[in-house]
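What follows is a short report on a single structure.
Residue numbers (this note's numbering): 15 to 198.
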């Protein structure tokens, strides 16, 4: 169950990476291999730090209490992701407008895309889940979903409005679903 819920968590947290890749593809912005690697490495590091902090919290709090609180917080994070998706502006990341994401821009995009995963990682660890595979899974999901989004974006270049709000709703719903799975 830990692997399944961890994988669902990584997919949910990486849906915005798919959305970003889709956005880049629609606008003709290239995301080179090195830039995708940088985004993924930022995600791996961020998730590792979050999970480590969550494990540290477990040293000071009763495990059953922490599990319930972690699941509730994870569910709340899913709701927050859904609400935030309807409110926030789209991040471009292409600061120099050269139609290509450089390594420095990728660092910014990686941090922006992994902010929500920090809180989720802490909640996941506090809810009593194993975490050795989670940072790697998070990075792999970020890498491939950004590439997949970019691929589809290039294919749909006629701008047939693929709803970002739908992607955000799916992302947040996956996080909520995973929290419910962890609770039971």
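The beta-carbon is built from N, C-alpha and C at its ideal position, and this holds for glycine as well. Remember, predicted model here, so these are calculated numbers, not experimental data.
C-beta contact flag for residue i and residue j at 8 Å
i	j	result
residue 1	residue 160	Nothing can be reported for residue 1, as the shown portion of the chain is limited to 15 through 198.
residue 140	residue 92	no
residue 90	residue 131	no
residue 75	residue 150	no
residue 39	residue 164	yes
residue 201	residue 32	With the chain running from 15 to 198 in the structure shown, residue 201 is simply not present.
residue 88	residue 138	yes
residue 45	residue 125	no
Cα-Cα separation between residue i and residue j, rounded to whole angstroms
i	j	result
residue 66	residue 49	26 Å
residue 155	residue 123	15 Å
residue 120	residue 47	11 Å
residue 15	residue 77	Annotation note: pLDDT 47 at residue 15 (below 50); position unreliable, coordinate value reported separately. Taking the straight line joining both Cα atoms gives about 18 Å.
residue 80	residue 37	38 Å
residue 70	residue 146	15 Å
Assumed close pair residue i, residue j - CB separation to whole angstroms, cut-off 8 Å
i	j	result
residue 24	residue 128	That belief does not hold up - the Cβ atoms of residue 24 and residue 128 are roughly 11 Å apart, past 8 Å.
residue 193	residue 27	Not a contact, Cβ separation roughly 13 Å.
residue 183	residue 96	6 Å
residue 113	residue 167	Their Cβ separation, rounded to whole angstroms, is 13 Å, which puts residue 113 and residue 167 out of contact at 8 Å.
residue 157	residue 22	The Cβ separation is near 18 Å, so there is no contact.
Reference residue i; option with closest CA among the options
i	options	result
residue 51	81, 79, 117	117
residue 136	110, 54, 86, 191	86
residue 187	17, 18, 94	94
Proximal residues to residue i (C-beta, below 6 Å), its chain only, five neighbours per side dropped
i	result
residue 53	120, 123, 124, 156
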